[in-house]
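Reviewing the structure listed below.
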Amino acid sequence: MVGALLLTGCAVWTLYTAGGRDAHPEGVLLGLLAVAAGYATGRIAGAVAPMGACAVAALTVGAFALIAPGGLSGDPAAPPLHDIDADGALLALAVGAACCAAQAARGALRATLVVVACGLTAEALATGSVAGTLACGGILVVAGSVTRARRRLPVLVLLALCAALAAGAPLLLAETDGASVGVQAVVPGSGQREALWRDAVSEAGSAPLRGVGPGRFAELSPAAQASATPGSASSATLQLAAEQGVPGLCLLAASYGWMLWTLRRSPRPTALVLTAAAALTALAGQAAISSVLSYPGITAGAGLLVGMATARPLSEQPGPGIRRGS
């Protein structure tokens, strides 16, 4: 119910901020629909095939990225999503799904799934996405660290803090007017992105409550009009704050918190749950410095992973009760 109310609230607020303006809320609404569809599909698939669903999802992404023409060329226009950052984010979600399947497997099958996760990380490296490769590596590290974990809350709180720091980094860089050498190594083209971030902060400051309207960031941003990829602020958090104001940003943060809360209550093994949470946190970090959430395939993949990690397998569900006669 909480998740449904949050998604409904996001949709209603998007329509409200678009009212009376030449705005374009269709992209946001499509992303919300993709999340809901992915989550519902994940709950069904996770209940029917708890381990197989995660493995099939990971193998499908890996195979498509491998066999698609130019999929591993590193060209920003290469498939599967025709964007270098989006390709890396999708592969990171696939690594998370493979690690979740490995947490539920045993013996040789578990080792095979670990190899699959490492292969997907290698694919992310081949695409040329530095942020995607780091995200895949981080997911592998967390998955190996939580194998024997017993408590979920401390790890989930730590992951939430990491996501908050990642979301705040673009704001800090925009305010300081200069990226460090380390950031430039992780985020190619940091100078151009900083200009976009500064414009987003300026737009958010001019209309903190209602924003400038969905899809209107590029119309008001000189940096976006001069960018090679117009229309994006290269940061999901700053663009949402600019287009939908602080309430829109709070709804996004609440949605991420709801996903972590749902994972905490999941009946699945703790190691699997924490691995899925790590994959979502890695996606949040990538979304803070790129426009990966603009792709419905990414948002659907995130919903799918959460659904599979929170589904109760049919084998563990109680059967119909037996009514006793008098």
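With my numbering as the guide, the letters of the sequence shown map in order to residues 14 to 339. Ideal Cβ positions, reconstructed from N, Cα and C, are used throughout, including at glycine.
Give me the residue from the options with the minimum Cα distance to residue i.
i: Ser-245; options: Gly-270, Leu-19, Tyr-308, Trp-271; result: Tyr-308
i: Val-129; options: Thr-140, Val-48, Cys-149; result: Cys-149
i: Ala-81; options: Cys-112, Glu-136, Ala-177; result: Glu-136
i: Ala-102; options: Glu-329, Ala-177, Ala-295; result: Ala-295
i: Met-32; options: Gln-299, Pro-227, Leu-233, Ala-284; result: It should be pointed out that residue 32 corresponds to Gly in this sequence rather than to Met. Considering only alpha carbons, the answer is Pro-227.
i: Leu-251; options: Ala-239, Ala-231, Ile-311; result: Ala-231
i: Ala-220; options: Gly-261, Leu-287, Thr-21, Trp-274; result: Gly-261
i: Asp-100; options: Ala-118, Ala-78, Val-108; result: Ala-78
i: Thr-21; options: Leu-264, Pro-235, Leu-273, Ser-247; result: Leu-264
i: Pro-38; options: Ser-234, Val-286, Cys-23; result: Cys-23
i: Gly-65; options: Gln-116, His-95, Tyr-52, Gly-204; result: Gln-116
i: Ala-297; options: Ala-179, Ala-50, Thr-27; result: Ala-179
i: Met-14; options: Gln-299, Ser-304, Met-272, Ala-315; result: Met-272
i: Ser-279; options: Ala-322, Thr-312, Val-305; result: Ala-322
i: Gly-1; options: Thr-73, Cys-131, Leu-276; result: An answer regarding residue 1 cannot be provided, because it is not within the stretch 14 to 339 covered by the chain.
i: Asp-35; options: Gly-55, Gly-132, Leu-233, Val-168; result: Leu-233
i: Val-168; options: Gly-120, Ala-47, Ala-290; result: Ala-290
i: Cys-131; options: Arg-119, Gly-157, Ala-266; result: Gly-157
i: Thr-369; options: Leu-327, Ser-304, Trp-274, Leu-253; result: With the chain covering 14 to 339 only, the question about residue 369 has no answer from this structure.
i: Ala-173; options: Leu-327, Trp-274, Val-25; result: Trp-274
i: Asp-212; options: Val-61, Ala-236, Val-74; result: Ala-236
i: Glu-216; options: Glu-207, Arg-229, Arg-206; result: Arg-229
i: Glu-207; options: Ala-58, Pro-282, Ser-247; result: Ser-247
i: Ser-303; options: Gly-145, Arg-165, Gly-59; result: Gly-145
i: Leu-138; options: Gly-75, Gly-59, Thr-160; result: Gly-75
i: Asp-96; options: Arg-56, Thr-189, Thr-140; result: Thr-140
i: Leu-46; options: Val-61, Val-25, Leu-104, Ala-62; result: Val-25
Consult DSSP for residue i and reduce its assignment to one of helix, strand or coil.
i: Ser-245; result: coil
i: Ser-279; result: coil
i: Leu-222; result: coil
i: Ala-115; result: helix
i: Leu-228; result: First, the residue type needs correcting, since residue 228 is Gly and not Leu in the sequence shown. Three-state DSSP puts Gly-228 in coil, outside helix and strand.
i: Ser-215; result: helix
i: Arg-161; result: coil
i: Val-194; result: Any reading at Val-194 must be qualified, since the residue scores a pLDDT of 42, below 50, and its modelled position is unreliable; the value itself is stated next. Val-194 falls in the helix class under three-state DSSP.
i: Ala-342; result: Residue coverage of the chain in this structure runs from 14 to 339, which leaves residue 342 outside it and unanswerable.
i: Pro-260; result: helix
i: Ser-268; result: helix
i: Ala-284; result: helix
i: Arg-34; result: coil
i: Asp-96; result: coil
i: Ser-328; result: helix
i: Leu-103; result: helix
Since residue i and residue j are thought to touch, with beta carbons under 8 Å apart, how far apart are those beta carbons, to the nearest angstrom?
i: Ala-301; j: Ala-182; result: 6 Å
i: Ala-71; j: Ala-111; result: 4 Å
i: Val-214; j: Leu-184; result: 7 Å
i: Gly-218; j: Gly-258; result: At roughly 10 Å, the Cβ-Cβ gap does not stay under 8 Å, so Gly-218 and Gly-258 are not in contact.
i: Gly-51; j: Gly-270; result: About 18 Å separates the two Cβ atoms, so there is no contact after all.
i: Ser-268; j: Leu-28; result: Wrong, their Cβ atoms sit about 17 Å apart, outside the cutoff.
i: Ala-312; j: Leu-306; result: Contrary to the premise, residue 312 reads as Thr rather than Ala in this sequence. Rounded, the Cβ-Cβ distance is 6 Å, consistent with contact.
i: Ala-292; j: Leu-106; result: 6 Å
i: Ala-162; j: Leu-287; result: 6 Å
i: Leu-4; j: Val-108; result: With the chain represented from 14 up to 339, any question about residue 4 goes unanswered, as that position is not in the structure.
i: Val-48; j: Gly-316; result: 4 Å
i: Ala-114; j: Ala-68; result: 4 Å
i: Thr-283; j: Arg-119; result: At roughly 16 Å, the Cβ-Cβ gap does not stay under 8 Å, so Thr-283 and Arg-119 are not in contact.
In the DSSP assignment, the alpha helix (DSSP H) including residue i goes from what residue to what residue?
i: Thr-27; result: 15–31
i: Arg-56; result: 39–61
i: Ala-124; result: 120–140
i: Thr-312; result: 309–323
i: Thr-146; result: 143–158
i: Val-168; result: 166–189
i: Val-69; result: 65–80
i: Pro-235; result: 235–239
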